[in-house]
Each structure stands twice: as C-alpha cells, then as structure tokens.
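Single-structure report; data block below.
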Amino acid sequence: MIGRVTEKVGVSGVFLFSVVVAYVIVGFVDFESFRSALPMLGRFVVRIFPVLVVVFGVMFVTNLFFEGKSIVTFLEKGSGLRGWIVAISGGIISSGPIYMWYPLLGDLKERGMKNSLIAAFLYNRAIKIPLLPMMIYYFGWHFTVALSIYMVIFSIVNGVLVQRLTQGGRVQ
Amino acid sequence: MMEILNLEAQKQAFLKTTQAFRRSLPILLGVLMLLTLANTLIPKRLYGQIFTGNKLIDPFIGAVVGSVSGGNPLTSYIIGGELRYEGVSMLAITAFILAWVTVGLIQLPAEALMLGKRFAIVRNAISFCTAIVIAVFTVLTLGMV
Chain A
1 MIGRVTEKVG VSGVFLFSVV VAYVIVGFVD FESFRSALPM LGRFVVRIFP VLVVVFGVMF
61 VTNLFFEGKS IVTFLEKGSG LRGWIVAISG GIISSGPIYM WYPLLGDLKE RGMKNSLIAA
121 FLYNRAIKIP LLPMMIYYFG WHFTVALSIY MVIFSIVNGV LVQRLTQGGR VQ
Chain B
1001 MMEILNLEAQ KQAFLKTTQA FRRSLPILLG VLMLLTLANT LIPKRLYGQI FTGNKLIDPF
1061 IGAVVGSVSG GNPLTSYIIG GELRYEGVSM LAITAFILAW VTVGLIQLPA EALMLGKRFA
1121 IVRNAISFCT AIVIAVFTVL TLGMV
C-alpha cells in the first residue's frame, strides 16, 4: 500500500503529505500554535522566493552553458585545489537557506561533482557575509574572525571525511 | 557563446531546469513548513533553561540544541547573545551557533532525498562533531575559557 502510494506521488510527495499531516495534528492538539504558524509560513515563502529565483537562474545558466560534464571539470575527481576554491568561495557567497541549494547540488552530483566538494560548499554556507556585522555586534571582532577562519579550515576537514566515509575514494 | 543565441538550447535548458525544480519543490516546501512549525512550537526562553553550567556537558548540549533548531542564523546570534548575558559558557554558545548553521536535523529528509541518505547522515554527523571541535579551538585561541 505505502509502496504503491510512493510510486504514484514520489518520495517527495509522501514527505510533503507527512508534513501536512503533522500540521493537521498540531491544529487539533494546539490550535493557537497552528494559527500562528500559518502567517509565519507565508512570510518565509515570500522571503525565500527571490532566492529560489536566483537558484533557478544559476541552474538554467549551468544547463545552458555547461552542457553535459563540462562544468564538473571544476568540481569532479582530480579537480584539485581549483575544485576546493570553487566550492569554498561558492559556499561563502551563495545566499539564502541551505536547503534551497540542494536541487542545484543534486544536479551537479549526478554529473559527477565530488561529495567532498558538496560538503565543503554546504559547510561554508554557514559563513554569512551580510550577517557578519551582527555577529561582531554580539560577540566581537576577534571571535568573528577566529570562528570564520576555523570554519573555512574545518570545511576542508569535513569534506575530506565525508568523501572517505561515503565514496571511499581518495580525495584529490 | 553561440549557445545563448540558440533558441532550442535555451528551451532545452529551461525545460531541464523546470523538471529538476518540479521534483524538488515538494521537498523544499515540506522543509519550510517543518522549520515554521519548529519555530512556533519551541519557545525561545527554553534555550536558556537547558544548559547545566557544566563546561564539559554544555558544549554537547549546545550542539544538540543547535542541531534540532533551524531558521535564520541571525536568530542563533540573538539567542547566543542572550545566553551569554545569562552566563552560559562561550564554548557552549559557539557550539550552539555552529550546529545551528551547519547541522540540520529538520532538513535532513530533504538533504537525504536530493543528495543521498548516506551522504546526508555522514555530513550531518561530522558537522555535529566539528561544531564542538571548532568551539574548543575558537575559545582556546581567544582565551575565553
């Protein structure tokens, strides 16, 4: 039964349906929370829409200009230092929530992007340049600079470990 | 460069992108709904009440709480600032902020669906550990212990 439903609507459809069910349950158990969640969801969707447009644009451009595997020469096995630089700087300058970038990364992974570079990209998403002034305000210059440097360094450690534990191959 | 002038190539690229997006949208919407629900159900004052004052256990608690939370990183800075004011150690606060932005239990199903189950689990587990390690390094470097 579950298998047939999954086949028909896909795993993503089942996932969305499960979340809707969770909302319905919360609606019955705690209607006040349910009611305050809906306008918040609306605000999130409005805030995230421009990021979705950017991600769509980036995917469109990569599909248009880098047909087949050519873009992945920057990011596949053997891409070396260039691959790390692209992944780390891409992670730092990309904006919006982390999960908005999953479709693009999934697409690039299918074309051969290494897990180590995907992990490094995702890790560096945590360095938010527009939010650095806020971090400085709360925790000071020294803390912000030290933390940011360690995050870049450990994004490489993270990538190497993810590569070893998922694809088993040597990181090049 | 000729590719951009080719209408057929543009159409193909647009169709390919739209297809990939159509597959991802239910997952993205699901994650967004989950994050909203978590933000609504977890009261902000709860964060200050779960730290013990123990310098060894609190970084771990910080990383756990950061992992199950989600949303704008700015919220984690504000909560971190409040926790600091309440006397929670910088080790715990740093682990909390780092786990908030690098580990995502709420978006784990979406990450697993789009990037692979093994990848998502391994990446999040390693990010959890590195959140604590980086917190230790940062605090030791700045002499904040």
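From first to last, the protein sequence lines are chains A and B.
According to the numbering used here, numbering within the first sequence proceeds without interruption in unit steps and concludes at 172.
According to the numbering used here, numbering within the second sequence proceeds without interruption in unit steps and concludes at 1145.
We put the beta carbon where it would ideally sit given N, CA and C, even for glycine.
Cβ-Cβ distance between residue i and residue j below 8 Å
i: W101(A); j: V55(A); result: yes
i: S231(A); j: N124(A); result: There is simply no residue 231(A) to check, as chain A begins at 1 and stops at 172 in what is shown.
i: V45(A); j: L1113(B); result: no
i: I1027(B); j: Y150(A); result: no
i: L1105(B); j: V1068(B); result: yes
i: M40(A); j: D107(A); result: no
i: A1131(B); j: L1083(B); result: no
i: P1073(B); j: V1031(B); result: no
i: L105(A); j: F121(A); result: yes
Amino acids of chain B, ordered along the chain, whose beta-carbon sits closer than 7 Å to that of residue i
i: K128(A); result: P1073
i: F56(A); result: T1017 and F1021
Within chain B, the residues that residue i reaches when beta carbons sit closer than 8 Å
i: I92(A); result: The contacting residues do not exist; I92(A) stays about 12 Å from chain B at best.
i: K109(A); result: L1115 and G1116
i: F31(A); result: The premise fails here: F31(A) is roughly 12 Å from chain B at the closest Cβ pair, so nothing lies under 8 Å.
Residue interval of the alpha helix (DSSP H) (run including residue i)
i: D107(A); result: Y102 to E110
i: G1081(B); result: P1073 to Y1085
i: K1117(B); result: K1117 to T1141
i: Y123(A); result: N115 to N124
i: Y137(A); result: L132 to F139
i: T1018(B); result: L1007 to L1041
i: R47(A); result: F31 to F65
i: F1060(B); result: I1057 to V1068
i: T1094(B); result: M1090 to T1102
i: G1053(B); result: Premise fails: G1053(B) is in no alpha helix (DSSP H) and is neither H nor E.
i: R1045(B); result: That residue, R1045(B), is in no alpha helix (DSSP H); it is neither H nor E in DSSP.
i: L81(A); result: G80 to I93
Contacts of residue i in chain A (Cβ-Cβ under 8 Å)
i: E1111(B); result: Y99 and Y102
Residue i: contacting residues in chain A (beta-carbon distance under 7 Å)
i: Q1049(B); result: Going along chain A, no residue has its Cβ under 7 Å from Q1049(B), so there is no contact; the nearest lies around 19 Å.
i: K1016(B); result: N63
i: N1039(B); result: M40
i: I1126(B); result: N158, L161 and V162
i: T1137(B); result: A quick correction: the sequence has Phe, not Thr, at residue 1137(B). Simply Y150.
Beta-carbon neighbours of residue i, restricted to chain A and to distances below 9 Å
i: I1152(B); result: Residue 1152(B) is absent from the structure shown; chain B starts at 1001 and stops at 1145.
Cross-chain neighbours of residue i in chain B, by beta carbon under 9 Å
i: I118(A); result: L1115, F1119 and R1123
Q: Evaluate the contact criterion for the segment 1093 to 1113 of chain B versus the segment 1073 to 1084 of chain B: three or more CB pairs, one atom per stretch, below 8 Å.
A: yes
Q: Decide yes or no for the touch test of the segment 1035 to 1055 of chain B against the segment 1006 to 1018 of chain B: beta carbon pairs closer than 8 Å, at least 3 of them.
A: no
Q. For the segment 1030 to 1049 of chain B against the segment 23 to 42 of chain A, are there 3 or more C-beta pairs whose distance is under 8 Å?
A. yes
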